[in-house]
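Worksheet: the structure to be examined is printed underneath.
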Amino acid sequence: MESLGNIIMYFVIALAIIVFSVLTVTSRKILRSATYLLFVLFATAALYFQLDYAFLGAVQIAVYAGGIVVLFVFSILLTQKPGEDAKPLDSHHRWLGLLAAVAGIAVCAVALFSYTQFCGQQLPDMADPDIAQIGHFLLSTDKFGYLLPFEAVSVLLLACIIGGVVIARRR
Amino acid sequence: MNLTLLMYLIPSLIMFGCGVYGFLTRKNMIAIMISLELMLNSIDINFVVFNRYLFHGQMEGMFFTLFAIAIAAAETALALAIIINVFRIAKDVDINKINKLKF
Amino acid sequence: MPLSYTIAVIAIPLLMFLFLGLVGVKMNKKVTGVLGVCGMLITTILAYGVALTYFFGTGEGQMVDGVRKAVTVFNPDWLSFSDQLVVRMGIMLDPIAAMMLVVICTVSLMVHLYSLGYMCDHHGNAEKGFQRYYAFLALFTFSMLGLVVATNLFQIFIFFEMVGVSSYLLIGFYYTSPAAIHASKKAFIVTRLADLFFLVGILILSFYTQTFDFFGNDVNGIMGMLDDPQASLAQAGTTTFMGCSAMAWALTFIFIGGAGKSAMYPLHIWLPDAMEGPTPVSALIHAATMVVAGVYLVARLFPLYVLVQGAMDIICVVGAFTAFYAAAIACVQSDIKRALAFSTISQIAFMMTSLAVSSANGQLIEIHGGYGLGYMASMFHLFTHAMFKALLFLCAGAIIHAVHSNENDKMHGLHKYMPITSIAFLIGCLAIAGIPPFAGFWSKDEILVAAYEKGLGWGLWMSMVAGMTAFYMFRIYFLIFHWKKHEIHTEHAPADQPWTMTLPLIILATISIVAGFVPAANLVTWDGAPLHTQLNWTVACSSVLIACVGIGLAFKMYYKENALPERMANSCRGLWTAAYKRFYMDELYQFITHKVIFQGICKPIAKFDRAIIDGFFNMLAQVTNQTSFGIRKLQSGSIQSYVYFYLIGALLLAGITMACVLL
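Chains as they are written, first to last, in this note's numbering: chain R, 3 to 173; chain L, 1331 to 1433; chain B, 688 to 1350.
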């Protein structure tokens, strides 16, 4: 039995996620759309905190909310024509898109509800993994060590930085 | 009332559906990228939730999410750079008008 | 080795060719001409030295028991493909090779000297391409010299081809004239076609003998296998294909190659057209190079030919027919060079026939000391014919140079204007007609004796052709130098030409008178042993009589202008026209190549190729193209439509999976 606070918290978060997700894709102003995305990301971070993944939540806020959304905002501003009002976002094939999205959700939902044996699983107790442990795993070469992907990602990020600079540079 | 696994998956599923809808219907390329972020995010949630509920002694799901976030950041940065460049050349970010290289 | 300087005889013309061809353009025209003549003079002197040393020297291995042996001066490996397949390039001297060196060098020297005058206009200015002309002459001489001293069949083949190429270059010397271009192409294609057979013959022969060499260095050459019943050559005589032995096939094919070069019927069509080249070149082709290459080839392989009676019979029939056929045509031609060309064909056919009749049955071998008489006669005739035919052609060149025309009716009565040329031409005619003591009598007499020994019919046939020879040669002579008074067409009266052109005429005329006294029977025999011959009085008298009849007839008809020739032509108009048109052989070739091969065979094949083969691949391309065009809409470039497709696929897969699991 969960504490009431947790349950309330959950509903608030779930509601926020659903509402802001829908708003993100339906808003007719792109800056607002980006803002709603920010809220979704915050809500997700809250979800991580609730699930005892404090480090992950922090990363989510720092990278996603702090980094990516800022990037979005910058690029939105950079792709506006100077001196003009922002054009309202318009969509096409709205019903077709809706149908596709709903069909996808339906199929997944059927799948979810038919696997009752672990979908009804209770939240087990777990000690919050501490930062030292995470750091140990990230830089370890043992079993469950993530040194190789860690290094790969670092190289990827470097390549990405260089690529971004080269592509976006004014010729 | 218990917070079951299913209860976490449902918002994630809806978030994913929204992402699909946005990806399919938006015309602005940046808006399409935003929808993409929604989908990625929902997948991250799934990893974390499954890890937490089914394999709480291990941390694979968490690390996967960690790397996914890093890669998503890289990918977004690159994609936005491309979009800005395209905008400079084509003066537009409408995905239907970027068809100069089509046959 | 005392004969090692033979290499210089071969090398000097080659060096002359390279030198004149490469730097001649930068030099004064006259200087290149004089240089060419000097080079040829040195070559000739060396060649005489070689011949004298070979025939009369007492070098090592030259004479064994009174039999003259072949001497291999050099024979290094040139291309060694494997232990068995080695192509060598060398120099070998035997009686005919030594004789040919003399013939080629003499005629070539005369032609070189003569061309100094001939290739200039009336003001003494050299023609355009003078240096090129001398370079090609040197190449031609080199090719022919290389051919006669060849140590193996493959070397002969290579030089055979080079002779063909150089004749092509020289016949087409006036490359701006379409007739010359056609003639050169015709000569090249016809002889090249024949050479294909030659090559096949070489391959068959060498397959059985395992060697190209005539006389091997370390292993036995082809000739060395003749006495050995165990040798692989004997196997070639027993392996049969379509009723004939492999040996017979090989030798027949090789003969076809020779027949192409020697202008035997029906491969003779290129020779009359070859007169499109400068006249001295015709002299060279007709007398010493090119046409005698075929005769030389058969003579070179004579020891093999005597083994195969069938091949010899083919040569005999072809030769006898060609001799008559060409003589008949020569009787009515109005173009002086063409008449001489057919005369050459006829005389070359004489040599071929002579070679072929000498392989008579064993009885004759006992009586006449081997089958060497025809062989000796043939080679002797080759020698004498080269001299007087070169003389006749050079005279014709002088006349043409004087009157600027090839046609008889532009000449007439030139005796008064060109006495030296006239006398030289007369000597040539007497020589070819076979009047003693001129050269032609001695050699032709030997041929007739050999023919009579083969059979009475052969003898009579050849005697008749000899009579025709006398007739047509004197017909030409009388038409040119007598007939009626000369009408001057050009701005100046015709006269004897400058000394560069007259001197060769005098020299060759002298040789034509005395060449018959060369003791050929002692020197040029097939096995190297001297042949004891004596004058056969019956044959000699009858042949002189026939020649005189021919000359008399020509005198009656053509000495003074009269209507007799016209009447005779009218009395058998059809035959006359047919002979004048060379029995329509060119038209027949034209018909076969153009109508039958090009139209009848090649056109349908080309059509098939275009319609079916090309069509099939065009269709493949068309179908691919249209399919791609049809489905290119799928590659829309719109990411969102891709996502739709992807989503449909993913949902279907998920649906199917779930349906399977749940139901």
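Every residue gets a Cβ at the ideal spot worked out from N, C-alpha and C, and that includes glycine.
{"Check": "Assuming residue 1013(B) contacts residue 1001(B) (C-beta within less than 8 Å), just tell me the rounded distance between them.", "Outcome": "Not quite, the Cβ-Cβ distance comes to about 18 Å (not below 8 Å), so this is no contact."}
{"Check": "Starting from residue 1204(B) and walking both ways along the beta strand (DSSP E), at which residues does that stretch end?", "Outcome": "It is not in any beta strand (DSSP E) - residue 1204(B) carries neither H nor E in the DSSP assignment."}
{"Check": "Pick out the complete alpha helix (DSSP H) segments inside the region 1122 to 1193 of chain B, 4 residues or longer, and give them in chain order.", "Outcome": "1126 to 1141, 1143 to 1168"}
{"Check": "Beta-carbon of residue 1366(L) versus every beta-carbon of chain R: anything under 8 Å?", "Outcome": "no"}
{"Check": "DSSP three-state call for residue 775(B): helix, strand or coil?", "Outcome": "strand"}
{"Check": "Using a beta-carbon distance below 8 Å, is residue 84(R) in contact with chain L?", "Outcome": "no"}
{"Check": "Can you name, in chain order, every residue of its own chain whose Cβ lies under 8 Å from the Cβ of residue 121(R), other than the five neighbours on each side?", "Outcome": "114, 115"}
{"Check": "To the nearest angstrom, how far is it from the Cα of residue 1109(B) to the Cα of residue 1102(B)?", "Outcome": "6 Å"}
{"Check": "Output, in sequence order along the chain, the residues in the region 18 to 40 of chain R whose CB is closer than 7 Å to any CB in chain L.", "Outcome": "19, 20, 23, 24, 26, 27, 32, 35, 36, 39"}
{"Check": "With 16 as the cutoff for other CB atoms within 10 Å, does residue 687(B) come out buried or exposed?", "Outcome": "In the structure displayed, chain B extends from 688 to 1350; residue 687(B) sits before or after that span and is not available."}
{"Check": "In three-state terms, what does DSSP make of residue 1397(L)?", "Outcome": "helix"}
{"Check": "Excluding five sequence neighbours on each side, which residues of the same chain lie with their C-beta closer than 6 Å to the C-beta of residue 825(B)?", "Outcome": "700, 703, 704"}
{"Check": "For residue 1055(B), count the other beta carbons within 10 Å of its own beta carbon; 16 or more makes it buried, fewer makes it exposed. Which is it?", "Outcome": "Here residue 1055(B) scores only 43 on pLDDT, less than 50, and its place in the model should not be relied on; the value that follows carries that caveat. So residue 1055(B) counts as buried."}
{"Check": "How about residue 1093(B) and residue 1024(B): do their beta carbons lie closer than 8 Å?", "Outcome": "yes"}
{"Check": "Report buried or exposed for residue 900(B), applying the criterion of at least 16 other Cβ atoms within 10 angstroms of its Cβ.", "Outcome": "buried"}
{"Check": "So, is the C-beta of residue 111(R) closer than 8 Å to a C-beta in chain L?", "Outcome": "yes"}
{"Check": "Give the straight-line distance between the Cα atoms of residue 698(B) and residue 1128(B), rounded to the nearest whole angstrom.", "Outcome": "35 Å"}
{"Check": "How about residue 90(R): is its C-beta nearer than 8 Å to some C-beta of chain L?", "Outcome": "no"}
{"Check": "Excluding the 5 residues preceding and the 5 following residue 941(B) in the sequence, name in chain order all residues of the same chain whose CB lies nearer than 6 Å to its CB.", "Outcome": "885, 888"}
{"Check": "Among 34(R), 40(R), 106(R), whose alpha-carbon lies nearest the alpha-carbon of residue 1333(B)?", "Outcome": "106(R)"}
{"Check": "Between residue 1333(B) and chain L, is the shortest Cβ-Cβ distance under 8 Å, so that the two count as touching?", "Outcome": "no"}
{"Check": "For residue 162(R) and chain L, any beta-carbon pair shorter than 8 Å?", "Outcome": "yes"}
{"Check": "Output needed for residue 1049(B): all residues of its chain with C-beta closer than 7 Å, excluding positions within five of it in sequence on either side, in chain order.", "Outcome": "Reliability of the predicted coordinates at residue 1049(B) is poor, the pLDDT of 44 falling under 50, and the value obtained from them is presented with this limitation in mind. Once the five neighbours on either side are set aside, residue 1049(B) has no close Cβ partner at all."}
{"Check": "Strictly under 8 Å for the Cβ-Cβ distance: is residue 120(R) near chain L by that measure?", "Outcome": "yes"}
{"Check": "Suppose only complete runs of 3+ residues qualify. What are the beta strand (DSSP E) ranges in the region 18 to 99 of chain R, listed by chain order?", "Outcome": "none"}
{"Check": "By the three-class DSSP mapping on this structure, what secondary structure does residue 758(B) have?", "Outcome": "strand"}
{"Check": "Go through its chain and collect everything with a Cβ distance to residue 721(B)'s Cβ below 8 Å, but skip five positions before and after it.", "Outcome": "803"}
{"Check": "Using a Cβ distance threshold of 8 Å, determine whether the region 51 to 63 of chain R contacts the region 1371 to 1386 of chain L, with at least three qualifying pairs required.", "Outcome": "yes"}
{"Check": "Using a Cβ-Cβ distance under 8 Å, would residue 77(R) count as near chain B?", "Outcome": "no"}
{"Check": "Please tell me whether residue 1326(B) has its Cβ less than 8 Å away from any Cβ of chain L.", "Outcome": "yes"}
{"Check": "Taking all protein chains shown into account, decide if residue 156(R) is buried (16 or more other Cβ within 10 angstroms of its Cβ) or exposed.", "Outcome": "exposed"}
{"Check": "From what residue to what residue does the beta strand (DSSP E) around residue 764(B) run?", "Outcome": "764 to 767"}
{"Check": "In the DSSP assignment, find the alpha helix (DSSP H) that holds residue 1108(B) and state where it starts and stops.", "Outcome": "1106 to 1120"}
{"Check": "Return the CA-CA distance between residue 1047(B) and residue 938(B), expressed in angstroms with no decimal places.", "Outcome": "Caution applies to residue 1047(B), whose pLDDT of 47 falls short of 50 and renders its modelled position unreliable; the value that the coordinates give is listed next. Looking at the two C-alpha atoms, the distance is approximately 17 Å."}
{"Check": "Since residue 1294(B) sits in a beta bridge, which residues does DSSP pair it with?", "Outcome": "DSSP output for residue 1294(B) lists no bridge partner at all."}
{"Check": "Starting from the N-terminal side, write out each stretch of the alpha helix (DSSP H) that is 4 residues or longer and does not extend beyond the region 829 to 867 of chain B.", "Outcome": "840 to 858"}
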